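Chains as they are written, first to last, in our numbering: chain U, 541 to 831; chain C, 541 to 831; chain Y, 541 to 831; chain Z, 541 to 831; chain W, 541 to 831; chain B, 541 to 831.
From the three backbone atoms N, C-alpha and C, an ideal C-beta is built for every residue, glycine too.
Since the model is a prediction, treat every value here as computed from it, not as a measurement.
There are 6 protein chains.
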Amino acid sequence: MKNMYYSELGKAQVLIEALPYIQKFNNKTVVVKYGGSAMLDPELQMNVIKDVALLKLVGMKPIVVHGGGKEISKWVGLLGKQPQFVEGLRVTDAETMEVAEMVLNKVNKNLVQMMEKLGVRAAGICGKDGSTMHVTRKFVHGQDIGFVGDIDKVNTALIDTLLENDFVPVLAPVGMDDACQPYNVNADDAACAIATAVGAEKLAFLTDIEGVCLDPEDKTTLLSELSLSKAEELISDGFIGGGMLPKLKNCIDAVKNGVSRVHIMDGRVMHCLLLEFFTDRGIGTAIYKEN
Amino acid sequence: MKNMYYSELGKAQVLIEALPYIQKFNNKTVVVKYGGSAMLDPELQMNVIKDVALLKLVGMKPIVVHGGGKEISKWVGLLGKQPQFVEGLRVTDAETMEVAEMVLNKVNKNLVQMMEKLGVRAAGICGKDGSTMHVTRKFVHGQDIGFVGDIDKVNTALIDTLLENDFVPVLAPVGMDDACQPYNVNADDAACAIATAVGAEKLAFLTDIEGVCLDPEDKTTLLSELSLSKAEELISDGFIGGGMLPKLKNCIDAVKNGVSRVHIMDGRVMHCLLLEFFTDRGIGTAIYKEN
Amino acid sequence: MKNMYYSELGKAQVLIEALPYIQKFNNKTVVVKYGGSAMLDPELQMNVIKDVALLKLVGMKPIVVHGGGKEISKWVGLLGKQPQFVEGLRVTDAETMEVAEMVLNKVNKNLVQMMEKLGVRAAGICGKDGSTMHVTRKFVHGQDIGFVGDIDKVNTALIDTLLENDFVPVLAPVGMDDACQPYNVNADDAACAIATAVGAEKLAFLTDIEGVCLDPEDKTTLLSELSLSKAEELISDGFIGGGMLPKLKNCIDAVKNGVSRVHIMDGRVMHCLLLEFFTDRGIGTAIYKEN
Amino acid sequence: MKNMYYSELGKAQVLIEALPYIQKFNNKTVVVKYGGSAMLDPELQMNVIKDVALLKLVGMKPIVVHGGGKEISKWVGLLGKQPQFVEGLRVTDAETMEVAEMVLNKVNKNLVQMMEKLGVRAAGICGKDGSTMHVTRKFVHGQDIGFVGDIDKVNTALIDTLLENDFVPVLAPVGMDDACQPYNVNADDAACAIATAVGAEKLAFLTDIEGVCLDPEDKTTLLSELSLSKAEELISDGFIGGGMLPKLKNCIDAVKNGVSRVHIMDGRVMHCLLLEFFTDRGIGTAIYKEN
Amino acid sequence: MKNMYYSELGKAQVLIEALPYIQKFNNKTVVVKYGGSAMLDPELQMNVIKDVALLKLVGMKPIVVHGGGKEISKWVGLLGKQPQFVEGLRVTDAETMEVAEMVLNKVNKNLVQMMEKLGVRAAGICGKDGSTMHVTRKFVHGQDIGFVGDIDKVNTALIDTLLENDFVPVLAPVGMDDACQPYNVNADDAACAIATAVGAEKLAFLTDIEGVCLDPEDKTTLLSELSLSKAEELISDGFIGGGMLPKLKNCIDAVKNGVSRVHIMDGRVMHCLLLEFFTDRGIGTAIYKEN
Amino acid sequence: MKNMYYSELGKAQVLIEALPYIQKFNNKTVVVKYGGSAMLDPELQMNVIKDVALLKLVGMKPIVVHGGGKEISKWVGLLGKQPQFVEGLRVTDAETMEVAEMVLNKVNKNLVQMMEKLGVRAAGICGKDGSTMHVTRKFVHGQDIGFVGDIDKVNTALIDTLLENDFVPVLAPVGMDDACQPYNVNADDAACAIATAVGAEKLAFLTDIEGVCLDPEDKTTLLSELSLSKAEELISDGFIGGGMLPKLKNCIDAVKNGVSRVHIMDGRVMHCLLLEFFTDRGIGTAIYKEN
């Protein structure tokens with residue numbers, strides 16, 4: 541007669557296997573940088589949100605930091621402007637900044653909506669709310685590229701309030717300077733700054749690559765773990781280039797500032813967050829500090 | 541020698557005169573519906589925000605609910621669409637809803653920014669955050685006008701959390717239905733529903749009229765106070781029409797549901813909120829319940 | 541390449557499927573009456589404890605109430621006495637009571653030990669600690685059967701303290717009368733009294749039968765749900781007999797006193813608690829109140 | 541039409557101008573030493589109390605420390621005794637001490653009464669309550685002048701309790717020694733000791749002089765600000781004499797012990813506290829620590 | 541060898557005997573009306589204070605309400621006035637009121653001092669502090685007797701704050717009317733009003749008589765217990781007269797308003813409070829409500 | 541007439557004499573190691589429990605740690621085994637460990653029962669509950685003596701929870717190693733480890749000797765106080781031997797680790813704890829740290 545429960549029993553065993561992982565991260569704060577393809581494909585999007593919801597429900601305190609670059613370009617275009625970039629950074633005049641905020645807030649509240657749909661309480665904020673992110677104007681080799689900011693101070697009062705009261709904070713990468721002028725902020729930088737300021741246990745970057753590969757063309761050279769010193773060595777030896785360079789530098793900063801482990805993972809892999817948190821087979825690359 | 545302090549002394553006396561008013565509203569929750577011309581003129585805008593900041597600093601708990609109708613029309617136009625209305629309600633297709641949310645969030649975070657600039661902690665939310673406002677689809681005489689919702693449930697958990705932790709909640713009038721589909725909501729309705737749900741002491745509507753006039757063409761017929769029964773009588777006798785009718789009905793509902801006093805005031809009057817709260821000369825019309 | 545994650549992905553999907561169930565029982569108190577074969581077989585025992593640990597970790601507040609009948613008989617025998625029963629109740633002289641307490645505490649602390657091994661904080665108490673269970677002497681048709689008590693009052697102060705401070709209370713069925721004389725208590729009665737007193741959401745009896753069958757000889761007559769009125773009808777019509785009769789009466793009492801659902805399930809089924817709580821296929825019989 | 545609001549609008553603007561000051565002192569503890577003519581003139585008295593009430597209502601935590609020298613002399617006289625002083629200190633035999641306590645408590649409860657009349661909750665204590673002020677006997681050049689004490693320990697438990705529960709503590713300058721014998725204490729010393737012990741942001745002395753003048757005969761030599769080192773220099777150079785000397789030494793001590801700014805101001809100026817706290821034109825002399 | 545401990549052992553046994561009494565009153569609020577000879581004799585005074593200190597230390601929450609009639613008369617006399625009474629109530633002109641307050645505060649702070657000397661934290665307040673006692677002017681058969689008030693409202697906020705923070709409140713019988721004018725209040729009335737407002741478990745009147753005697757001339761007719769109905773019967777039958785009548789009426793009021801037991805006891809008996817609270821032999825008369 | 545109160549008055553005076561002692565230990569944590577004859581004689585047992593109850597009721601936070609050696613031997617014998625010891629430590633095979641736990645829990649819950657009978661809330665735990673005591677296996681000169689453990693870590697979470705919620709923790713000396721295997725622990729060691737971990741003010745060992753005597757045969761050589769350095773000197777000079785040696789070493793450890801005073805006293809003296817805590821005549825030997 542037990543046969544009738546067979547496949548259900550399998551499910552129960554999977555839950556039991558998750559026990560030590562759930563225990564390990566109980567009450568820990570984790571920051572998820574949500575970006576790349578995982579933001580565009582509706583199925584992937586829902587999977588990421590479900591993963592975050594589960595992290596919350598089994599006792600962690602997730603914070604989501606998201607980007608919105610491709611959507612911003614689309615809307616800037618709709619309004620008849622041509623997006624411009626300097627070294628990968630969007631040149632942001634006042635009009636572009638206005639559109640950028642509108643689009644980022646749209647993405648932001650959309651993520652909140654998906655989370656609330658799953659029954660998880662969420663609150664969508666940007667760096668202006670509670671003066672969460674303070675910035676200074678960024679210059680690229682002395683060139684003014686408009687309202688693009690470098691985060692120099694994080695005020696965690698609002699995020700702390702939300703976490704303590706059981707809301708998942710969802711943060712759009714907009715900051716303000718001393719004059720309370722809004723600035724566009726790189727989402728990776730924002731995730732890193734927030735993770736450091738709240739003393740997160742983990743910071744996970746959902747990206748469009750598998751992780752750090754010694755040879756970017758050859759996925760079999762993926763490094764599943766990377767110590768701080770090794771990461772710095774790879775950079776100084778010139779192995780790391782392209783978009784991975786600033787990302788890896790961010791990871792190194794976060795680890796140096798107290799985040800236990802920073803993960804670079806492929807957001808296109810279904811349930812990549814759960815695979816990383818709740819199974820033995822971690823995915824992507826984990827950067828950590830040697831003791 | 542005391543002369544040199546003369547004008548300063550005058551200021552001190554003004555502060556002292558405010559004492560009993562400050563005492564009266566200490567720790568009380570007040571909802572400010574912010575709309576009309578006061579949202580468009582930059583000087584008026586800053587004055588309203590300063591007033592709200594002062595209410596907060598002298599011990600009240602203000603909540604700001606704002607609209608954004610004119611801005612929405614502008615952006616819908618920018619994108620090449622023609623705004624459509626049925627009985628004053630915007631026909632809201634999916635595309636319009638997307639733009640409406642973007643614009644309302646822009647307005648929302650802009651108000652937050654102004655408040656933070658004054659050193660007051662604020663958090664910009666909409667009815668999606670924390671599932672604060674739940675709606676059902678609205679039909680006008682059976683006609684479907686798209687994503688326009690009637691509020692039928694308010695969840696105050698997020699607003700309560702923000703108030704208790706010293707943030708001023710700034711709310712955009714967007715709600716969700718059972719399927720977590722976003723809906724446009726009338727801002728007056730939203731202010732009324734929130735004031736009722738949090739048990740506000742006062743609800744103040746900033747409008748473009750002086751208040752309730754027996755003869756709308758003759759401002760000398762302004763009623764400075766209006767009891768519930770008198771208000772209902774005016775309506776049943778057909779004295780009230782136009783945009784005032786739904787607004788007054790909202791006021792009546794709010795008073796019936798426990799808000800002590802509801803004010804309709806002219807948002808174009810500089811510091812109208814302070815005049816109402818801190819001086820003997822109330823402005824506009826106050827609707828109240830007879831004992 | 542995604543293939544290498546295949547079985548892990550399956551696991552992630554199982555976790556995601558559990559999401560709505562985890563949500564449903566979040567922060568709810570559940571009482572597990574642990575007895576029968578599930579206490580004797582070491583593998584079953586470990587499975588039950590793991591299930592309880594998982595309930596705790598995903599946000600519920602489990603309380604375990606256990607029996608120990610067979611162990612008591614064994615130790616009474618080791619000391620050269622012959623166990624005696626009147627209508628299924630152990631005749632309990634002073635010497636037997638001493639042994640019963642020793643054995644029950646041994647079982648109790650052993651369960652605590654298993655839970656601590658899984659990293660879950662537990663505290664083993666009996667009804668004497670904090671005067672948790674107060675009893676009066678029980679008579680069977682006027683016959684004195686010794687230190688066997690009927691629970692007439694539950695003091696939840698100690699259990700509440702433990703739950704609020706994140707400990708799983710594990711309770712041995714011993715109570716005290718007015719003179720603080722210890723008494724043996726039926727474990728089913730104890731589970732029922734505790735569940736009622738703490739206002740538990742669920743009470744689950746782990747037994748050696750599949751649930752309530754219309755024909756005990758024919759397992760295909762298992763009733764998966766049973767309303768209060770139907771349960772009372774079955775009893776008055778004489779369908780229920782044997783050991784099931786007092787158990788079902790207990791269930792009825794618990795539901796009448798506010799426990800939402802009471803489950804009779806087969807403790808020999810691996811992970812029966814998880815199957816019941818986290819999958820669509822409930823097992824055993826659920827007794828509930830019609831609205 | 542706006543004309544009718546004109547003077548009211550002026551008032552509103554005054555309130556708005558106070559905004560940054562209110563913000564600056566929000567939740568800060570300030571000690572007001574209340575003495576001199578401001579205690580004798582009923583109108584001045586009411587103005588000081590109103591000022592303190594306003595400080596409380598806009599979010600500060602004021603503590604009032606008062607003297608009562610002239611009243612004590614009056615009552616000692618009424619009872620047929622001749623007040624005696626050694627270097628400005630009252631020779632205090634047992635009988636005089638009894639009268640002093642009675643008079644100080646009368647003044648104390650009278651201030652409480654005035655504050656309660658304004659709707660501000662206050663509690664009148666002396667250094668005996670909660671053993672708030674511990675003293676040792678003071679000798680003047682070896683001469684015993686009776687029950688005059690030097691404060692050597694402050695127990696802030698009662699004051700903290702009152703502040704946390706929204707009462708304004710009003711303190712009479714009476715202390716006790718090891719044997720719990722009451723002693724008269726100089727009110728300036730008491731204010732200074734209390735401000736230091738509670739870590740006050742500000743300490744304001746209401747006196748009968750304009751502040752520190754380089755030439756006491758020439759009010760145009762008033763110093764509006766005075767750094768610690770400059771104050772010490774003035775003393776060592778012999779510029780400071782008379783009653784100002786001990787007062788300035790007290791100020792220096794307070795600043796050295798952590799009080800941010802100490803003010804000596806003319807209590808005869810109407811609303812001097814508000815002028816100092818809420819306008820740009822500070823009055824009197826502020827002693828502060830250079831960074 | 542145990543002999544050397546003999547008398548110490550006796551002491552230990554006394555402590556053990558107090559165990560059930562300590563338990564019974566643990567965390568209970570008790571009001572002690574302190575007056576009569578026990579206030580004048582220094583040895584009795586210290587004994588009463590020690591008793592109150594012990595009540596506090598073994599876990600009760602005592603509140604002391606004191607009188608001061610004889611002292612007031614003495615000081616009024618010292619100032620050359622003749623005390624006047626109408627039906628036992630002091631005719632209180634403005635000057636007398638000023639002296640009365642001074643004297644009552646002197647007595648008040650003296651009791652605080654004695655308690656602090658025993659290491660018990662105390663705070664001396666009157667009905668003005670925190671607007672604890674609100675009164676209306678009392679008239680005797682229409683005759684105005686000055687500032688003598690009837691308590692009509694008690695605000696327990698300050699007393700609650702003190703009790704919760706481990707201070708013993710010591711209260712002088714002064715109240716204020718709507719205009720915050722101070723009034724003299726009968727201390728028995730004050731004790732009764734406070735006991736009722738805080739929901740005291742016990743109210744003990746220390747008086748100069750043994751208790752209620754059927755024949756005031758014959759102490760053997762002392763009633764050790766008196767039910768509400770019996771007390772009312774005694775009054776209506778004319779058995780009770782003199783100063784006992786208002787006191788007994790107060791007791792009846794207190795019991796009717798929720799105080800469990802009210803005691804009238806002889807304050808001249810050493811340690812009368814301890815005898816009443818900690819031994820089987822209650823003293824004086826206890827008024828209680830029949831179930 | 542006062543004569544009739546005479547003996548009661550004497551009792552009141554004893555209570556008053558205890559006042560300063562009660563004050564001194566108010567809110568302090570004290571650990572009582574309960575063992576020896578005081579555990580076997582029913583009258584002594586009840587006296588010790590009454591003493592502990594009184595400590596609790598007058599405001600201390602007692603923790604009881606008990607042994608059970610003689611009872612364990614009895615039950616091991618009942619089951620037909622011969623107790624074995626190596627250097628005073630019980631050789632503990634699996635079967636003996638099982639019996640030891642049963643007996644210790646029996647003793648444990650019996651003490652709880654006695655305390656509850658006196659109306660004091662108690663909770664019986666062992667080192668397994670809440671993983672309170674972690675041990676490593678003990679070897680005697682390299683010889684394995686079975687499940688006998690050395691405490692190397694104390695987790696005070698459960699004890700803290702119980703103390704904060706007004707329960708008296710009663711602890712049986714059983715610990716667990718890394719594998720959650722239970723181990724027998726020396727009760728003196730357990731008391732010492734717990735007292736150190738919770739930062740107890742006092743640790744009192746109830747033993748069968750008067751205290752530390754310079755000549756164990758001559759009770760007149762009893763040392764009533766012993767400084768740390770003197771105690772270490774006595775040991776190094778070889779004055780201390782037998783069972784006193786490990787006990788004294790434990791005392792020294794406890795004092796070195798922050799326990800203010802450790803007492804070795806004769807548990808056979810009636811109310812020895814009260815004599816020590818509440819009278820001037822301390823009993824036994826107190827070990828303390830010189831300043």
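By DSSP's assignment, B:Ile804 forms a beta bridge with B:Phe745, B:Thr825.
By the neighbour-count criterion, in which 16 or more other beta carbons inside 10 Å mark a residue as buried, U:Ser671 falls on the buried side. Per the DSSP secondary-structure output, W:Lys693 pairs in a beta bridge with W:His674. Looking only at B:Lys564, B:Leu698, B:Leu703, B:Cys666, the smallest Cα-Cα distance to B:Tyr723 is reached by B:Cys666. Shown here, U:Asp706 sits in coil according to DSSP, grouped into three states, outside any helix or strand.
Shown in chain order are the members of the stretch 652 to 667 of chain C whose Cβ falls below 8 angstroms from a Cβ of chain U: Val652, Gln653, Met654, Glu656, Lys657, Arg661, Ala662, Ala663, Gly664, Ile665, Cys666. Apart from sequence neighbours up to five positions away, the residues of its chain that approach Y:Glu765 with a beta-carbon distance below 6 angstroms are Ala826, ordered along the chain. The beta carbon of W:Asp669 falls within 8 angstroms of a beta carbon belonging to chain Z, placing the residue at that interface. Taking all protein chains in view, the Cβ of Y:Met805 is crowded by 16 or more other Cβ atoms within 10 Å, so the residue is classified as buried. Within the stretch 544 to 594 of chain C, the complete beta strand (DSSP E) segments of 3 residues or longer fall at 569 to 574, listed in chain order. Listed by position along chain W, the residues whose Cβ is nearer than 9 angstroms to that of Z:Phe707 are Asp669, Gly670, Ala697, Leu698, Thr701. For the stretch 715 to 749 of chain B, residues whose beta-carbon sits nearer than 7 angstroms to a beta-carbon of chain Y comprise Met716, Cys720, Pro722. In terms of Cα proximity to U:Asn566, the closest of U:Glu773, U:Asp591, U:Glu741 is U:Glu741. If you ignore the 5 residues before and after Y:Glu656, its C-beta comes within less than 8 angstroms of the C-beta of Ala662, all in its own chain and listed in chain order. About 5 angstroms separates the beta carbon of U:Ala737 from that of U:Thr696, a gap short enough to meet the 8 angstroms contact definition. Burial state of W:Lys678 is buried, judged by a 10 Å Cβ sphere holding 16 or more other Cβ atoms. Secondary structure note for W:Gly715: it is in no alpha helix (DSSP H), and the uninterrupted beta strand (DSSP E) holding it is 714 to 716. In terms of CA proximity to Z:His606, Z:Val592 leads the group Z:Val592, Z:Lys596, Z:Lys614, Z:Val598.
Proximity to W:Ile792 across W:Ile775, W:Gly550, W:Phe779 peaks at W:Ile775, based on C-alpha coordinates. For the pair U:Thr747 and U:Gly608, the CB atoms are not nearer than the 8 angstroms cut-off. In the DSSP annotation of this structure, the continuous segment of the alpha helix (DSSP H) that includes Z:Lys789 starts and ends at 784 to 796. In terms of Cα proximity to B:Val714, the closest of B:Asn648, B:Glu830, B:Asp755, B:Leu788 is B:Asn648. For secondary structure counted as the beta strand (DSSP E) over 3 or more consecutive residues, the stretch 598 to 679 of chain U holds these complete runs in sequence order: 601 to 606, 662 to 666.
For U:Ser767, the uninterrupted beta strand (DSSP E) run begins and ends at 765 to 767, by DSSP.
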